[in-house]
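If you number the sequence shown the way my numbering does, the last residue is 316 and the count never jumps.
Ideal Cβ placement from N, Cα and C applies to all residues, glycine included.
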Amino acid sequence: MPYSGRMQQSHYYSVFFAPRGRDRMYDLGMQIAQMYLSPYDKLIGIIGEAGSGKSMLIKGMFPGLELTNDDDGVNVRPLPILDLDDHGFFTAHTYHVDIRFEAAFTQMGVLAEAILNAIQKGKRVIVEHFDMIYPMLGVNANLMIGVGDEIIVSRPTIFGPLPSELHDKVAKSIGYRRMAHTAEDLCEIFLPEEEYKRARHRDIKHGFLLAFDDHAPNVDLDELELKVSIAIASDLPITYVDEGHVRIGDIVHPCTGPRTHVSSTGKIDEFRLLHRIVYDPIEHCYLIAGRVGPGIGGESIDDVNDFNLD
């Protein structure tokens, strides 16, 4: 029996926090590629809502790959995977298709046929919004990744998971990530300047961490929580500025994930800060912890340890 190339038969399901910044998403993409991607994987399915960071993850997994939905790539026509037979020996090995984007230009049946044709020719195809094309393909991905509040990496079998199941999971959770990211940026805006400059970003479930090396930040957490809560109650509009900035109300704030936000601050539910600074003896840093959504955590050590189990 010929070798199938399924290098990780025992791998079913892995979960990562979904970072909110570009650089952290690139790094996680590289890590996922190193840990889970096989050279025999021909069909990679990426699932998630607009602004969830799918393209950033793909760029981390496949450095140098031309994404056909990039602002700089939308004029790449015809779509390279549709022109596969016209370049002979010099065709690319890896192709990218954003189904939601391309559906405005090309019939779904044509896209499905092009994907299957590329795979049969030994090419690798990365398909964004894979759940939309799966019913027409009739085959599941070799590796499937969902991007929401968490990043789910799965190697499907005939027993699942199906793309629709993964889509349901990430679609329900992306709201937490958008709320947490906006609350995180609001906290940065109201930090003292000297503390803002040295703050680093880390993740917890349904929330965020601001990390500080060397010494604890000089911050009144009650005052910080109040200022952020007032900004949330003011329902300030949030708009994309560029790939390095987001506008919150009248303030333009540096941000490397400007598309991963709620549309206004009033859409942040149940924001709260842990009312003490936590020392992390493993990373040797001091942490400000913020949460969003239902399931308010308390202030005891036990509650802190349970944050990621909510």
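Of T188, L227, H221 and I283, the smallest CA-CA separation from V258 is found for T188. In the structure shown, Y140 adopts helical secondary structure according to DSSP, grouped into three states.
With a cut-off of 8 Å on Cβ pairs, the segment 158-170 is in contact with the segment 130-146, counting three or more such pairs. In the structure shown, T266 adopts coil according to DSSP, grouped into three states.
As the crow flies, the alpha-carbon of R161 is around 29 Å from that of D89. Taking every protein chain shown into account, the CB of G213 has 16 or more other CB atoms within 10 angstroms, so this residue is buried.
Look at T163 here: in three-state DSSP terms it is strand. Sequence-distant partners of A120 (beyond 5 residues in either direction) whose C-beta falls short of 6 Å from its own C-beta, in its chain, are I87 and L88. Residue environment analysis places T163 among the exposed positions, since fewer than 16 neighbouring C-beta atoms fall within 10 angstroms of its C-beta.
Between the beta-carbon of P223 and that of I151 there is about 35 Å, and that puts the pair past the 8 Å contact cut. Taking a 10 Å sphere around the C-beta of I64, we find 16 or more other C-beta atoms and assign the residue as buried. Counting C-beta pairs with one atom in each stretch, the segment 195-209 and the segment 264-282 have fewer than three that are closer than 8 Å, which means they do not touch. In the structure shown, the three-state DSSP call for V234 is helix. Residue range P169 to F196 is occupied by the alpha helix (DSSP H) that includes H187.
Under the DSSP assignment, R28 falls in the alpha helix (DSSP H) whose first and last residues are R28 to Y42.
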